[in-house]
Amino acid sequence: MTTRANDDTQASTADRILFMLKTRGPLKTTELATLLEVTFEATRQHIQKLQASELITGICAPTSGAGRPSLRWALTDTGHGKFPDAHSVLTLHLIESIEGVFGTEGVEKIIASMETTNRREYLQACEKASSLEEKVRILVGIRERAGYMAQMEAAGDGWLLIENHCPICAAARKCQGFCRSELQIFRAALGDGVVVERCEYLISGDRRCVYSIQPRM
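At position 60 of the sequence shown (counting the first as 1) the number is 60 in UniProt numbering, and the numbers step up by one without a gap.
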């Protein structure tokens, strides 16, 4: 029983490290140790195992002053693959099949139909919100339930809607109409008095998608 409990603890700590790197971006060993509330040495041992499994890799980040660059840990593609991608293979096959039979126009019609349905859901969810903050919080809840590991942060007079994971990433890479549709849905749900812009984009090489949401001046 003790051995099994230790194994579970080890796995849990490793999973927490992967989750932190996914949601927070590259972190130093000392930062991970602080967040985990364990010793530096214990954290280092977990990092070594994750690195040996090719789930994380070290990257050198320049310091603000003099001194050696600091080593931070980041997820590899294999590490990112530990997070679900909403049946990516099946989704890609469906997109390719639709495109093969109906052409690009057929795929766009499917996306437009999905956008209409989702727009209705988002509008209904936000219609009773009394403030922009409440609307953003509602959107975060919807996106979190859909697997986007969403969160919000204050930014000036508005907010950032942060999506640390994309469960449809494979489909989005194949057809970026999905991403265009999501942006349009956010704009519709938040209303004409709000400016919504994508300021970080996973498909363009960023580690996540981030939307700036600001009141229109």
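Think of the CB as a built atom: it goes at the ideal place given N, C-alpha and C, for glycine as much as any other residue.
Helix, strand or coil: how does DSSP classify D7 here? To locate residue 7, count along the sequence shown from 1; it is residue 7. Reliability of the predicted coordinates at D7 is poor, the pLDDT of 49 falling under 50, and no value is obtained from them.
Looking only at C-alpha atoms, which of R119, R187, L75 sits nearest to R198? Translated into positions along the sequence shown, residue 198 becomes position 198. Here the closest residue by C-alpha is R187.
Measure from the alpha carbon of Y148 to the alpha carbon of each residue in K49, A52, C209, then state which is nearest. Taking the first residue of the sequence shown as 1, we reach residue 148 at position 148. Of the candidates K49, A52, C209, C209 places its Cα closest to the Cα of Y148.
State whether the segment 102-117 contacts the segment 125-139, with contact taken as three or more CB pairs (one from each stretch) at a distance under 8 Å. In the pairwise beta carbon analysis, the segment 102-117 is classified as not touching the segment 125-139: fewer than three pairs are separated by under 8 Å.
Burial state of E96 (16 or more Cβ within 10 Å): Residue mapping note: residue 96 aligns to position 96 of the sequence shown, counting from 1. Answer is exposed; the Cβ neighbour count stays below 16.
In three-state terms, what does DSSP make of C175? Translated into positions along the sequence shown, residue 175 becomes position 175. Correct three-state label for C175: coil.
Name the two residues that bound the continuous beta strand (DSSP E) containing I213. Residue 213 sits at position 213 when you count from the first residue of the sequence shown. It spans 209-215 - the beta strand (DSSP E) in which I213 sits, taken as one unbroken run.
Beta-carbon proximity of I98 to I110, cut-off 8 Å: Position 98 of the sequence shown, counted from the start, is the residue given in the question as residue 98. Position 110 of the sequence shown, counted from the start, is the residue given in the question as residue 110. Yes, the Cβ-Cβ distance between I98 and I110 is below 8 Å.
Sequence-distant residues of the same chain with beta carbon closer than 7 Å to P170, five excluded per side: Walking along the sequence shown from the start, residue 170 turns up at place 170. The sequence shown places Ala at residue 170, not Pro. Excluding sequence neighbours, A170 sits near D85, S88, T91, L92.
Helix, strand or coil for V196, going by three-state DSSP, please let me know. As a working mapping, residue 196 is identified with position 196 in the sequence shown. In the displayed model, V196 falls within a strand according to three-state DSSP.
From R120 to L161, what does the alpha carbon distance come to, in whole angstroms? By 1-based counting over the sequence shown, the position of residue 120 is 120. By 1-based counting over the sequence shown, the position of residue 161 is 161. Computed Cα separation, rounded: 20 Å.
Alpha carbons only, please: which of E163, V195, M114 is nearest the one belonging to D206? Reading the sequence shown from its first residue, position 206 is the one you call residue 206. Out of E163, V195, M114, E163 has the C-alpha closest to the C-alpha of D206.
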